[in-house]
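Number of protein chains: 2
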Amino acid sequence: MQLDKVVNFHKVVGDPTRIRIISLLKQGPLHGQAIANKLGLKPPTITHHVAKLKQIGIVYQRRDKNTIYFYLDQKKLEYSANAILQLGEVTNVRPEMSVEDKDKLSIVKNFFAPDGTLKQIPSQRKKKLVVLAYMIRGIETGKLYEEKEINEYIKQFHEDYATIRREWVMNHFMYRENNQYELNPKEMWPIEF
Amino acid sequence: MQLDKVVNFHKVVGDPTRIRIISLLKQGPLHGQAIANKLGLKPPTITHHVAKLKQIGIVYQRRDKNTIYFYLDQKKLEYSANAILQLGEVTNVRPEMSVEDKDKLSIVKNFFAPDGTLKQIPSQRKKKLVVLAYMIRGIETGKLYEEKEINEYIKQFHEDYATIRREWVMNHFMYRENNQYELNPKEMWPIEF
DNA sequence: TATCTAATTAGATACTTATCGAATTTGGAG
DNA sequence: CTCCAAATTCGATAAGTATCTAATTAGATA
Numbered sequence: 073m074q075l076d077k078v079v080n081f082h083k084v085v086g087d088p089t090r091i092r093i094i095s096l097l098k099q100g101p102l103h104g105q106a107i108a109n110k111l112g113l114k115p116p117t118i119t120h121h122v123a124k125l126k127q128i129g130i131v132y133q134r135r136d137k138n139t140i141y142f143y144l145d146q147k148k149l150e151y152s153a154n155a156i157l158q159l160g161e162v163t164n165v166r167p168e169m170s171v172e173d174k175d176k177l178s179i180v181k182n183f184f185a186p187d188g189t190l191k192q193i194p195s196q197r198k199k200k201l202v203v204l205a206y207m208i209r210g211i212e213t214g215k216l217y218e219e220k221e222i223n224e225y226i227k228q229f230h231e232d233y234a235t236i237r238r239e240w241v242m243n244h245f246m247y248r249e250n251n252q253y254e255l256n257p258k259e260m261w262p263i264e265f
Numbered sequence: 073m074q075l076d077k078v079v080n081f082h083k084v085v086g087d088p089t090r091i092r093i094i095s096l097l098k099q100g101p102l103h104g105q106a107i108a109n110k111l112g113l114k115p116p117t118i119t120h121h122v123a124k125l126k127q128i129g130i131v132y133q134r135r136d137k138n139t140i141y142f143y144l145d146q147k148k149l150e151y152s153a154n155a156i157l158q159l160g161e162v163t164n165v166r167p168e169m170s171v172e173d174k175d176k177l178s179i180v181k182n183f184f185a186p187d188g189t190l191k192q193i194p195s196q197r198k199k200k201l202v203v204l205a206y207m208i209r210g211i212e213t214g215k216l217y218e219e220k221e222i223n224e225y226i227k228q229f230h231e232d233y234a235t236i237r238r239e240w241v242m243n244h245f246m247y248r249e250n251n252q253y254e255l256n257p258k259e260m261w262p263i264e265f
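Order-wise, the sequence lines are chains A and B. If you count the first sequence from 1, position 108 lands on 180 in my numbering, and the numbers rise without skipping. If you count the second sequence from 1, position 101 lands on 173 in my numbering, and the numbers rise without skipping.
Here is the structure:
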């Protein structure tokens with residue numbers, strides 16, 4: 073049961089300082105000192121709170137020189153906020169499919185040529201999901217992609233980018249909103265990877 | 073800003089015992105002792121937690137003889153869980169319309185006959201909302217109504233029940249799902265009442 | 001009215017945690 | 001290598017709170 077996860081999400085979010093940080097990051101990424109200034113708090117306090125927000129996965133960071141920028145993962149936030157609504161639901165058997173790591177490895181070996189291209193799209197659902205998850209590794213969390221970019225990226229594996237792109241969206245690896253694409257949090261994937 | 077409200081909601085929900093109570097009540101109403109037994113806790117502890125759940129409006133109670141049954145307000149839970157997602161949004165100017173109490177009173181006096189029937193449906197938006205909110209008093213929180221029941225209820229005020237029913241749904245006083253109707257939490261109403 | 005049951009209140013204890021100052025670490029830049 | 005700025009870790013303090021027992025209240029029934 074992911075009951076603990078739900079509890080922890082709300083415990084973390086149920087703090088005025090952290091809600092204010094979330095509000096700030098919603099407008100765009102910020103670095104630690106900037107957050108501290110805007111909230112009238114000291115850097116150690118920000119580290120403390122951001123650590124908790126990272127722990128529940130709704131904030132991630134990227135480094136630029138000496139400065140670390142913190143980003144809000146809106147999709148993950150949305151997903152986590154809604155988890156409480158499906159507490160007792162039968163559809164709670166996520167991940168739908170559990171596959172042994174060694175099986176994943178052999179599937180990948182079978183379907184990809186030595187040059188890294190995909191020989192064919194598997195027709196078996198399980199194998200298809202493994203291949204889809206494998207290929208999506210290069211897509212970054214929190215980044216918005218144009219359809220063109222996605223297509224270009226997929227071409228390194230296979231010429232039929234349209235099918236693969238559609239499979240990604242259909243199987244909740246990605247999210248599509250007015251022609252832009254975004255990686256979904258792994259919790260939404262139909263398979264562990 | 074309802075920032076405090078959002079914080080408080082998550083603070084209250086971010087506790088394992090209270091999440092377990094929510095899960096229990098999701099399956100149907102229960103009285104205090106029953107909850108205490110199921111969770112292996114003492115009655116005072118349940119009182120403590122339920123008080124908090126009531127305070128944020130997701131639980132309400134109804135008395136039957138000496139026993140008090142606690143109910144989960146699912147719609148309110150849903151609404152509150154999603155509030156965090158609209159934190160910085162412009163649409164945050166709820167309630168859309170603020171009306172003085174004395175104005176409400178005179179609107180009600182003008183539009184309702186001494187026998188309690190509605191003389192006519194106001195065309196002015198503000199007055200219409202006041203009248204709609206006034207008539208919905210008799211609809212109970214958390215109860216599911218068939219369309220027929222709603223119609224019968226409205227007829228005590230006005231013969232054109234279809235229009236009034238439609239107005240209630242359009243203005244978020246009620247929620248409709250596969251031909252059943254349910255009162256929305258007051259936070260969703262376009263007016264205070 | 002007296003009595004019974006469920007619920008609540010009050011007070012105590014133990015545990016958690018938000019915040020800060022001081023010290024340390026990290027990763028460039030000169 | 002040395003210096004610098006940003007971030008983190010550590011330890012202390014103060015505030016908050018989940019849980020219990022014991023005592024009290026609220027409502028119904030006889």
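Idealized CB from N, CA, C, for every residue including glycine. In this text the structure is predicted, and so the values were computed from the model without any measurement.
- Item | residue 145 of chain B, buried or exposed, once every other Cβ within 10 Å from all chains shown has been counted against 16 | Buried, since its Cβ has 16 or more Cβ neighbours within 10 Å.
- Query: Can you name the residues of chain B whose CB is closer than 8 angstroms to the CB of residue 153 of chain A?
  - Reply: Below the 8 angstroms Cβ cutoff, chain B contributes 153, 154, 156, 157 as neighbours of residue 153 of chain A, in chain order.
- Nonlocal neighbours in the same chain, by C-beta distance under 6 angstroms from residue 252 of chain B, ignoring five residues either side: Cβ neighbours of residue 252 of chain B beyond the five flanking positions: 216.
- Residues near residue 82 of chain B in its chain [Cβ-Cβ closer than 8 angstroms; skip 5 each side]: Setting aside the 5 residues that flank it on each side, residue 82 of chain B is surrounded in the same chain by 156, each with a C-beta closer than 8 angstroms to its C-beta; the list follows chain order.
- Contact list for residue 88 of chain A against chain B, beta-carbon separation under 8 angstroms: Under the 8 angstroms cutoff, chain B gives 75, 76, 79.
- Task: Determine the burial state of residue 138 of chain A: buried for a count of at least 16 other Cβ atoms within 10 Å of its Cβ, exposed for fewer.
- Result: By the neighbour-count rule (16 or more Cβ atoms within 10 Å), residue 138 of chain A is not buried but exposed.
- Message: Please classify residue 207 of chain A as buried or exposed, where buried requires at least 16 other C-beta atoms within 10 Å of its C-beta.
- Response: When all chains shown are included, residue 207 of chain A counts as buried.
- Query: By a C-beta neighbour count over all protein chains shown, 10 Å radius and 16 as the cutoff for buried, is residue 170 of chain A buried or exposed?
  - Reply: Counting of Cβ neighbours within 10 angstroms places residue 170 of chain A among the exposed residues, the total staying below 16.
- Task: Taking 8 angstroms as the cut-off, decide whether the C-beta atoms of residue 26 of chain A and residue 256 of chain A are in contact.
- Result: The structure shown does not extend to residue 26 of chain A, since chain A spans only 73 to 265, so no value can be given for it.
- Message: Run through chain B and tell me which residues come within less than 7 angstroms of residue 82 of chain A, C-beta to C-beta.
- Response: Contact annotation for residue 82 of chain A against chain B: 82, 85, 86 [CB-CB distance below 7 angstroms, chain order].
- Item | Rounded straight-line distance, which links the Cα of residue 86 of chain A to that of residue 93 of chain B | Distance from the CA atom of residue 93 of chain B to the CA atom of residue 86 of chain A, rounded to whole angstroms, is 18 angstroms.
- Message: Between residue 100 of chain A and chain B, is any beta-carbon pair separated by less than 8 angstroms?
- Response: Taking Cβ atoms only, chain B never reaches closer than 8 angstroms to residue 100 of chain A, which makes this a no.
- Message: Just to confirm the assignment: which complete beta strand (DSSP E) runs, minimum length 3, are found wholly within the stretch 115-175 of chain A?
- Response: Runs of the beta strand (DSSP E) inside the stretch 115-175 of chain A: 131-136, 139-144.
- Message: Please report the distance separating the alpha-carbon of residue 177 of chain B from that of residue 199 of chain B.
- Response: One C-alpha to the other measures close to 11 angstroms.
- Query: Which residue or residues does DSSP assign as beta-bridge partners of residue 247 of chain A?
  - Reply: Beta-bridge pairing by DSSP links residue 247 of chain A to A:254.
- Message: Please identify, using Cβ separations under 7 angstroms, the residues of the stretch 231-260 of chain B that lie next to chain A, in order along the chain.
- Response: Cβ proximity to chain A below 7 angstroms picks out nothing from the stretch 231-260 of chain B.
- Query: Quick one: is residue 195 of chain A buried, meaning 16 or more other Cβ sit within 10 Å of its Cβ, or exposed?
  - Reply: It counts as exposed.
- Item | Whole-angstrom distance between residue 229 of chain A and residue 187 of chain A, CA atom to CA atom | Just so you know, the alpha carbons of residue 187 of chain A and residue 229 of chain A end up roughly 9 angstroms apart.
- Message: Less than 8 angstroms between the C-beta atoms of residue 132 of chain A and residue 260 of chain A, yes or no?
- Response: No, the Cβ-Cβ distance between residue 132 of chain A and residue 260 of chain A is not below 8 angstroms.
- Message: My parser needs the alpha helix (DSSP H) runs of 4 or more residues fully inside the stretch 199-238 of chain B; what are they?
- Response: Correct list: 219-227.
- Query: Are the C-beta of residue 178 of chain A and some C-beta of chain B separated by less than 8 angstroms?
  - Reply: Against chain B, the CB of residue 178 of chain A has no partner CB under 8 angstroms away; the residue lies outside that interface.
- Message: Is there a Cβ of chain A sitting closer than 8 angstroms to that of residue 91 of chain B, yes or no?
- Response: Taking 8 angstroms as the threshold, the shortest C-beta distance from residue 91 of chain B to chain A falls below it.
- Would DSSP call residue 193 of chain A helix, strand or coil? Here residue 193 of chain A carries a coil assignment [DSSP, helix/strand/coil].
- Are any of the Cβ atoms in chain A nearer than 8 angstroms to that of residue 144 of chain B? Chain A places no beta carbon closer than 8 angstroms to that of residue 144 of chain B, leaving this residue out of the contacts.
- Task: Determine the burial state of residue 120 of chain A: buried for a count of at least 16 other Cβ atoms within 10 Å of its Cβ, exposed for fewer.
- Result: Residue 120 of chain A is classed as exposed because its beta carbon has fewer than 16 other beta carbons within 10 Å across all chains shown.
- Message: Could you give the first and the last residue of the continuous alpha helix (DSSP H) run that contains residue 263 of chain A?
- Response: That residue, residue 263 of chain A, is in no alpha helix (DSSP H); it is neither H nor E in DSSP.
- Would you kindly work out how many angstroms separate the C-alpha atoms of residue 193 of chain B and residue 183 of chain B, rounded to a whole number? In a straight line, the C-alpha of residue 193 of chain B is about 8 angstroms away from that of residue 183 of chain B.
- Message: Residues of chain A with CB closer than 9 angstroms to the CB of residue 125 of chain B, please, in chain order.
- Response: Proximity of chain A to residue 125 of chain B at the Cβ level (cut-off 9 angstroms) is not reached, the minimal Cβ distance being about 13 angstroms.
- Pull up the distance between the alpha-carbon of residue 96 of chain B and that of residue 107 of chain B, whole angstroms please. Here the alpha carbons of residue 107 of chain B and residue 96 of chain B stand approximately 8 angstroms from one another.
- Message: What residue range does the alpha helix (DSSP H) around residue 88 of chain B cover?
- Response: From DSSP, the alpha helix (DSSP H) with residue 88 of chain B extends over 88-98.
- Compare the C-beta of residue 195 of chain A against all C-beta atoms of chain B and say whether one is closer than 8 angstroms. For residue 195 of chain A, the answer is no, since every Cβ of chain B falls outside 8 angstroms of its Cβ.
- Task: Can you give me the Cβ contacts of residue 211 of chain B inside the same chain, cut-off strictly under 6 angstroms, excluding the 5 residues immediately before and after it?
- Result: Taking C-beta separations shorter than 6 angstroms and ignoring five residues to either side along the sequence, the partners of residue 211 of chain B in its chain run 255, following chain order.
- Task: Run down chain B in chain order and give the residues with a C-beta less than 8 angstroms from the C-beta of residue 160 of chain A.
- Result: By Cβ distance, chain B contributes 95, 98, 99.
- Query: What number of angstroms, rounded off, separates the C-alpha of residue 103 of chain A from the C-alpha of residue 202 of chain A?
  - Reply: Going by the C-alpha atoms only, they are around 36 angstroms apart.
- Indicate whether at least one CB of chain A lies closer than 8 angstroms to the CB of residue 149 of chain B. True, the Cβ-Cβ gap to chain A drops below 8 angstroms.
- Based on Cα-Cα distance, which residue from A:197, A:213, A:232 lies nearest to residue 189 of chain A? Taking residue 189 of chain A as reference, the option from A:197, A:213, A:232 with the minimal CA-CA separation is A:232.
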